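Residue numbers (my numbering), protein chains in the order written: chain A, 2 to 245; chain B, 2 to 245.
Here it is as structure tokens:
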């Protein structure tokens, strides 16, 4: 499985992905799930992916090698919407190609988050379903999730809004990952992280956070201790709750 | 959907269930999912259920009316293990009966938690799968969940152990429900609650907690405020995390 979060906030975008891939629980590997396509001064496009690894990789490879050919590609399309259409079409192309020779029932599809900004247009994040149709996050719900989304969702639902500053949103996102990783073996470190500030249009690299990362260790510990204390400080239940 | 939690702790048992039933999102009703079978001084057996409402109700009804007939039933079986076998057999009986006339593909099954204590034996909680096989919680993992279990799982994983006192465990459980209810429409108030103290063997009634319940409102608010503060108190991320 996988866990990816993307946030579209007033000040910028935050992308976080885990890196665990498994085919059965005895075949676990590390594969990045966050990819960057950028032209400095013109565009930054980030892709995150969940689902069938072969399909995800084929889609990313095709998108990448097509940026060196003529025709529409991620580095020349006019809008983020068109970039998302391109990702969706490439996904359908790969699934169709690989499904045609399938003799058993295997889930081939992948889903994607496509986010970023192209010069002259606002930022955006899109969720591409495994079927290739897609929707965009809006200020009412400023985040998207892929994969094992439920463990880490309450902290986002409770604390994230469109106006949350980037540094707060990033902490909230990292805690959402920590909760997921503690409860689900199929989501694992390291994390890939990219924070984009509105209108920067810079070429940016993802940052890799390992489990030894001092900042990540510090906030995990502080959060865990804080939760224990918070729980201990809740008032005791009424006597009839406890059948006393 | 549904959310139920049962805990087997050193001092006793805690059972909490939501009460939302839905058949599609435009057909939502309130049905209790926590049932008690007891003989004062001899046994207390609690059932919690998730899944197909017709099946769950039939199983509960058959188990209830059979306590007034001859033969093995929940009020006379010798062990909690045998009580669980009885629940599982009744579940299989109902599914087999109703499936035999089915003309379309409908998920008929239900799952159950069976917990309690019978005089002379230790307490226990069992998880009965939809197929009728079952397993028992042990001190390593002292809780069981049914239904929408992922949203509310991190708080249990982080804070619950076999030696957690009953009042702390109850608070932890209620927060687990609050997190689930905020993030998932298919789980809803009121909650049914039963706390059993080891070796009491009393006849006990479930307690119903509505959304107006002053204690529940207080801990929800305090938890929500506390989380916000905890998040705000986490140290700011390093500058390179934020692409500054």
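Glycine is no exception: its CB is placed at the ideal position from the N, C-alpha and C atoms.
Predicted model, so just to flag it, every value in this text is computed and none were measured.
- Setting aside the 5 residues that flank it on each side, residue 73 of chain A is surrounded in the same chain by 83, 87, each with a C-beta closer than 8 Å to its C-beta; the list follows chain order.
- Counting C-beta pairs with one atom in each stretch, the stretch 174 to 185 of chain B and the stretch 42 to 49 of chain B have fewer than three that are closer than 8 Å, which means they do not touch.
- Per DSSP, the continuous alpha helix (DSSP H) segment holding residue 226 of chain A begins and ends at 215 to 234.
- The stretch 28 to 37 of chain A and the stretch 131 to 139 of chain A do not touch, with fewer than three beta-carbon pairs separated by less than 8 Å.
- At a cut-off of 8 Å between beta carbons, residue 108 of chain B makes no contact with chain A.
- Flagged as an interface residue toward chain B: residue 205 of chain A, by a C-beta distance shorter than 8 Å.
- In summary, residue 170 of chain B is buried, with 16 or more beta-carbon neighbours lying within 10 Å of its beta-carbon over all protein chains present.
- Sequence-ordered contacts of the stretch 188 to 205 of chain B with chain A read 194, 195, 196, 197, 198, 201, 203, 205 [C-beta pairs closer than 9 Å].
- The beta-carbon separation of residue 7 of chain B and residue 163 of chain B, rounded to 14 Å, does not stay under the 8 Å limit for a contact.
- Taking 9 Å as the Cβ-Cβ cut-off, the stretch 225 to 239 of chain B approaches chain A at 225, 227, 228, 229, 230, 231, 232, 233, 234, 235, 236, 237, 238, 239, given in chain order.
- Distance from the Cα of residue 216 of chain A is smallest, within the candidate group B:197, B:242, B:226, for B:242.
- Closer than 8 Å to the CB of residue 160 of chain B there is at least one CB belonging to chain A.
- Taking C-beta separations shorter than 6 Å and ignoring five residues to either side along the sequence, the partners of residue 18 of chain B in its chain run 5, 34, 35, 49, 193, following chain order.
- Counting along the chain, the unbroken beta strand (DSSP E) around residue 39 of chain B starts and ends at 35 to 40.
- Residue-level contact check: residue 163 of chain B does not touch chain A, since none of the beta carbons of chain A fall below 8 Å from its beta carbon.
- Proximity of chain A to residue 4 of chain B at the Cβ level (cut-off 8 Å) is not reached, the minimal Cβ distance being about 11 Å.
- Apart from the 5 residues on each side of it in sequence, residue 40 of chain B sits with its Cβ closer than 6 Å to the Cβ of 76 in its chain, given in chain order.
- Going by beta carbons, residue 53 of chain A and residue 109 of chain A fall inside the 8 Å limit.
- Here residue 113 of chain B is buried, its C-beta having at least 16 other C-beta atoms within 10 Å.
- With a threshold of 8 Å between beta carbons, residue 213 of chain A makes no contact with chain B.
- Taking 4 residues as the shortest admissible run, the stretch 113 to 139 of chain A contains no complete alpha helix (DSSP H) segment at all.
- Under the three-state reduction of DSSP output, residue 23 of chain A falls in the strand class.
- Contacts with chain A at 8 Å (Cβ-Cβ) include residue 220 of chain B.
- Following the DSSP letters along the chain, one finds residue 194 of chain A inside the beta strand (DSSP E) bounded by residues 192 to 198.
- The C-beta of residue 168 of chain B comes closer than 8 Å to at least one C-beta of chain A.
- A Cβ of chain A is located within less than 8 Å of the beta carbon of residue 154 of chain B.
- At a cut-off of 8 Å between beta-carbon atoms, residue 43 of chain A makes no contact with chain B.
- For the pair residue 117 of chain B and residue 14 of chain B, the CB atoms are nearer than the 8 Å cut-off.
- If you draw a 10 Å sphere on the C-beta of residue 121 of chain A, you find fewer than 16 other C-beta atoms in it, and that means exposed.
- Boundaries for residue 188 of chain A: no alpha helix (DSSP H) harbours it, and the DSSP string shows neither H nor E there.
- Annotation for residue 105 of chain A: no residue places its beta carbon closer than 7 Å to its own, counting only its chain and skipping 5 residues before and after.
- Against chain B, the beta carbon of residue 208 of chain A has neighbours under 9 Å at 241, 242, 244, listed in chain order.
- The beta carbon of residue 149 of chain B lies closer than 8 Å to those of 2, 3, 4, 181, 185, 187, 188 in the same chain, with the five residues before and after it left out.
- Against chain B, the CB of residue 171 of chain A has a partner CB under 8 Å away; the residue lies at that interface.
- Residue burial is scored here from C-beta neighbours: residue 151 of chain B has at least 16 other C-beta atoms within 10 angstroms and is therefore classed as buried.
- Look at residue 184 of chain A: its C-beta is under 8 Å from a C-beta on chain B.
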